[in-house]
Amino acid sequence: MKITVLVGNPKPMSRTLRVAQGLAERVSTRVSGDVSTIDLAHYTDRVFAWPDDTMTALTTVVASSDLAFIASPTYKAAYTGLLKSFLDRYPANGLKGVMSIPVMTGADAAHALAPAMSLTPVLTELGAMVPCAGMYFKTPEFGRVDEVLDQWLTDNSAVIDLIMAATSCSASRR
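Numbering-wise (our numbering), the sequence shown opens with residue -18 and increments by one.
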(Lines of atoms letter the chains of each structure in order from A and count residues from 1; the text may use other names and numbers.)
(Lines give C-alpha, C1' and ligand atoms only; values in the text may rest on other atoms or scores of the structure.)
Protein backbone atom coordinates (compact mmCIF):
# COMPACT_ATOMS: atom_id res chain seq x y z
CA MET A 1 0.00 0.00 0.00
CA LYS A 2 1.34 3.42 -0.97
CA ILE A 3 0.83 5.92 1.87
CA THR A 4 1.61 9.62 1.52
CA VAL A 5 1.78 12.31 4.18
CA LEU A 6 1.13 15.79 2.77
CA VAL A 7 1.81 18.61 5.24
CA GLY A 8 0.76 22.21 4.62
CA ASN A 9 2.47 23.84 7.59
CA PRO A 10 4.70 26.73 6.47
CA LYS A 11 7.19 25.77 9.22
CA PRO A 12 9.58 22.98 8.13
CA MET A 13 9.69 19.87 10.32
CA SER A 14 6.67 21.09 12.28
CA ARG A 15 4.73 19.39 15.03
CA THR A 16 1.95 18.94 12.46
CA LEU A 17 4.36 16.95 10.31
CA ARG A 18 5.43 14.82 13.27
CA VAL A 19 1.82 14.07 14.23
CA ALA A 20 0.82 13.14 10.66
CA GLN A 21 3.94 11.01 10.15
CA GLY A 22 3.37 9.26 13.46
CA LEU A 23 -0.17 8.42 12.47
CA ALA A 24 0.86 7.24 9.00
CA GLU A 25 3.63 5.07 10.40
CA ARG A 26 1.22 3.41 12.82
CA VAL A 27 -1.25 2.71 10.04
CA SER A 28 1.51 1.50 7.70
CA THR A 29 2.54 -1.23 10.13
CA ARG A 30 -1.04 -2.41 10.18
CA VAL A 31 -1.52 -2.42 6.41
CA SER A 32 2.03 -3.21 5.25
CA GLY A 33 2.48 0.13 3.56
CA ASP A 34 5.35 2.35 2.51
CA VAL A 35 5.17 5.95 3.73
CA SER A 36 6.47 8.95 1.81
CA THR A 37 6.24 12.52 3.11
CA ILE A 38 5.81 15.83 1.33
CA ASP A 39 6.54 18.79 3.60
CA LEU A 40 5.24 21.77 1.59
CA ALA A 41 7.34 24.14 3.73
CA HIS A 42 10.26 23.09 1.52
CA TYR A 43 8.41 24.18 -1.64
CA THR A 44 7.03 27.60 -0.73
CA ASP A 45 9.06 29.23 -3.51
CA ARG A 46 7.44 26.95 -6.10
CA VAL A 47 3.84 26.52 -4.99
CA PHE A 48 2.71 29.57 -6.97
CA ALA A 49 4.86 28.79 -10.02
CA TRP A 50 2.73 27.64 -12.97
CA PRO A 51 3.73 25.39 -14.59
CA ASP A 52 6.34 23.77 -12.39
CA ASP A 53 7.69 20.25 -12.93
CA THR A 54 8.53 19.74 -9.25
CA MET A 55 5.03 20.65 -8.13
CA THR A 56 3.50 18.50 -10.86
CA ALA A 57 5.57 15.56 -9.62
CA LEU A 58 4.41 16.16 -6.05
CA THR A 59 0.75 16.31 -7.06
CA THR A 60 1.25 13.03 -8.92
CA VAL A 61 2.70 11.40 -5.81
CA VAL A 62 -0.39 12.28 -3.77
CA ALA A 63 -2.84 11.43 -6.55
CA SER A 64 -1.27 7.99 -7.03
CA SER A 65 -1.45 7.12 -3.32
CA ASP A 66 -3.71 4.47 -1.90
CA LEU A 67 -3.96 6.42 1.35
CA ALA A 68 -3.03 10.05 2.00
CA PHE A 69 -2.83 11.86 5.31
CA ILE A 70 -3.50 15.51 4.48
CA ALA A 71 -2.24 17.62 7.37
CA SER A 72 -2.32 21.26 8.38
CA PRO A 73 -2.20 23.39 11.48
CA THR A 74 -5.46 25.18 12.20
CA TYR A 75 -5.32 28.82 11.10
CA LYS A 76 -8.50 30.79 11.82
CA ALA A 77 -10.59 27.59 12.02
CA ALA A 78 -9.31 26.32 8.66
CA TYR A 79 -6.29 24.78 6.94
CA THR A 80 -3.38 26.90 5.69
CA GLY A 81 -3.17 28.88 2.49
CA LEU A 82 -0.06 26.87 1.63
CA LEU A 83 -2.07 23.64 1.62
CA LYS A 84 -4.93 25.30 -0.28
CA SER A 85 -2.52 26.59 -2.92
CA PHE A 86 -1.16 23.08 -3.41
CA LEU A 87 -4.62 21.49 -3.56
CA ASP A 88 -5.67 24.11 -6.14
CA ARG A 89 -3.31 22.42 -8.60
CA TYR A 90 -5.72 19.50 -8.92
CA PRO A 91 -8.61 19.50 -11.36
CA ALA A 92 -12.05 18.36 -10.25
CA ASN A 93 -11.73 14.70 -9.21
CA GLY A 94 -7.94 15.01 -9.25
CA LEU A 95 -7.75 12.84 -6.12
CA LYS A 96 -10.36 10.34 -7.29
CA GLY A 97 -9.81 6.98 -5.67
CA VAL A 98 -7.42 8.25 -3.00
CA MET A 99 -8.44 7.38 0.55
CA SER A 100 -7.68 10.54 2.54
CA ILE A 101 -7.56 11.20 6.23
CA PRO A 102 -7.51 14.84 7.32
CA VAL A 103 -5.13 15.63 10.17
CA MET A 104 -5.11 19.03 11.83
CA THR A 105 -3.34 20.46 14.83
CA GLY A 106 -4.41 23.36 17.01
CA ALA A 107 -3.96 24.99 20.37
CA ASP A 108 -7.20 23.82 21.97
CA ALA A 109 -10.46 21.97 21.45
CA ALA A 110 -12.24 25.07 20.14
CA HIS A 111 -11.33 24.07 16.57
CA ALA A 112 -11.71 20.31 16.94
CA LEU A 113 -14.24 20.21 14.10
CA ALA A 114 -11.81 21.87 11.68
CA PRO A 115 -10.82 18.62 9.91
CA ALA A 116 -14.45 17.71 9.23
CA MET A 117 -15.71 21.22 8.57
CA SER A 118 -12.89 22.72 6.51
CA LEU A 119 -10.53 20.08 5.11
CA THR A 120 -12.93 17.23 4.36
CA PRO A 121 -15.12 19.31 1.99
CA VAL A 122 -12.19 20.29 -0.24
CA LEU A 123 -10.87 16.74 -0.30
CA THR A 124 -14.31 15.46 -1.22
CA GLU A 125 -14.60 18.11 -3.93
CA LEU A 126 -11.35 16.78 -5.39
CA GLY A 127 -12.79 13.25 -5.48
CA ALA A 128 -10.93 11.82 -2.49
CA MET A 129 -12.68 9.30 -0.30
CA VAL A 130 -12.71 10.48 3.32
CA PRO A 131 -13.70 7.45 5.42
CA CYS A 132 -13.65 9.10 8.86
CA ALA A 133 -13.80 12.46 10.60
CA GLY A 134 -10.03 12.69 10.64
CA MET A 135 -7.81 13.65 13.51
CA TYR A 136 -7.55 16.86 15.47
CA PHE A 137 -4.46 16.99 17.68
CA LYS A 138 -4.28 19.56 20.46
CA THR A 139 -0.67 20.77 20.51
CA PRO A 140 -0.49 21.15 24.30
CA GLU A 141 -0.77 17.32 24.37
CA PHE A 142 2.44 16.91 22.38
CA GLY A 143 4.13 15.43 25.44
CA ARG A 144 1.77 12.45 25.14
CA VAL A 145 1.74 12.22 21.35
CA ASP A 146 2.21 8.44 21.29
CA GLU A 147 -0.73 7.88 23.61
CA VAL A 148 -3.00 10.21 21.60
CA LEU A 149 -2.05 8.65 18.24
CA ASP A 150 -2.46 5.12 19.60
CA GLN A 151 -5.92 6.05 20.91
CA TRP A 152 -6.92 7.50 17.52
CA LEU A 153 -5.83 4.27 15.85
CA THR A 154 -7.79 2.20 18.37
CA ASP A 155 -10.88 4.37 17.90
CA ASN A 156 -10.62 4.11 14.11
CA SER A 157 -9.46 0.51 13.73
CA ALA A 158 -12.64 -0.51 11.90
CA VAL A 159 -12.06 2.26 9.35
CA ILE A 160 -8.43 1.20 8.88
CA ASP A 161 -9.59 -2.40 8.34
CA LEU A 162 -12.02 -1.19 5.67
CA ILE A 163 -9.26 0.80 3.97
CA MET A 164 -7.13 -2.33 3.94
CA ALA A 165 -9.91 -4.39 2.41
CA ALA A 166 -10.81 -1.75 -0.19
CA THR A 167 -7.19 -1.25 -1.22
CA SER A 168 -6.66 -4.99 -1.45
CA CYS A 169 -9.69 -5.33 -3.76
CA SER A 170 -8.54 -2.37 -5.84
CA ALA A 171 -5.02 -3.77 -6.21
CA SER A 172 -6.32 -7.16 -7.34
CA ARG A 173 -8.30 -5.46 -10.13
CA ARG A 174 -5.31 -3.55 -11.52
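Where is the CB? At the ideal position from N, CA and C, for every residue including glycine.
key: Range covered by the beta strand (DSSP E) that runs through Leu(-13)   = For Leu(-13), the enclosing beta strand (DSSP E) starts and ends at -17 to -12.
Quick check on DSSP: helix, strand or coil for Leu68? Correct three-state label for Leu68: helix.
So, is Asn157 buried or exposed, given that buried needs 16 or more other C-beta atoms within 10 angstroms? The question about residue 157 has no answer here: the residues shown for the chain are numbered -18 through 155.
*Exposure of Gly164, with buried meaning 16 or more beta-carbon neighbours within 10 Å*: The question about residue 164 has no answer, for the chain in this structure spans -18 to 155.
Subject >> Proximity to Asn137 [Cα-Cα], best of Val(-12), Arg7, Leu(-2) >> reply: Checked all of Val(-12), Arg7, Leu(-2); the closest Cα to Asn137 is Arg7.
Original post:
Taking one C-beta from the region 101 to 111 and one from the region 74 to 82 each time, how about it: are there three or more such pairs within less than 8 Å?
Top reply: Touching, yes, given that three or more Cβ pairs across the two stretches are closer than 8 Å.
Based on the DSSP output, what are the partners of Leu100 in its beta bridges? According to DSSP, which records beta bridges pairwise, Leu100 is partnered with nothing at all.
Contacting residues, own chain, Cβ-Cβ under 7 Å from Pro112 (five flanking each side not counted): Within the same chain, and ignoring the five residues on either side of Pro112 in sequence, the residues whose Cβ sits closer than 7 Å to its Cβ are Met80, Val140, Leu143, Ile144.
Check: For Met85, which residues does DSSP report across the bridge?
Finding: Looking at the DSSP output, Met85 shares a beta bridge with Ser53, Tyr117.
Taking the alpha carbon of Val0 as the reference point, which residue from Pro121, Ala146, Ala147 has its own alpha carbon closest? Taking only the C-alpha atoms, the option nearest Val0 is Pro121.
Review point. What residue range is occupied by the uninterrupted beta strand (DSSP E) comprising Asp20?
Key: Element bounds for Asp20: 15 to 20.
Beta-carbon proximity of Lys(-17) to Ser46, cut-off 8 Å:
It is a contact, given that the beta carbons lie within the stated cut-off.
Pick from Ala147, Ala95, Leu104, Arg(-4) that is closest to Met116, judged by C-alpha positions = When only C-alpha atoms are compared, the closest one is Ala95.
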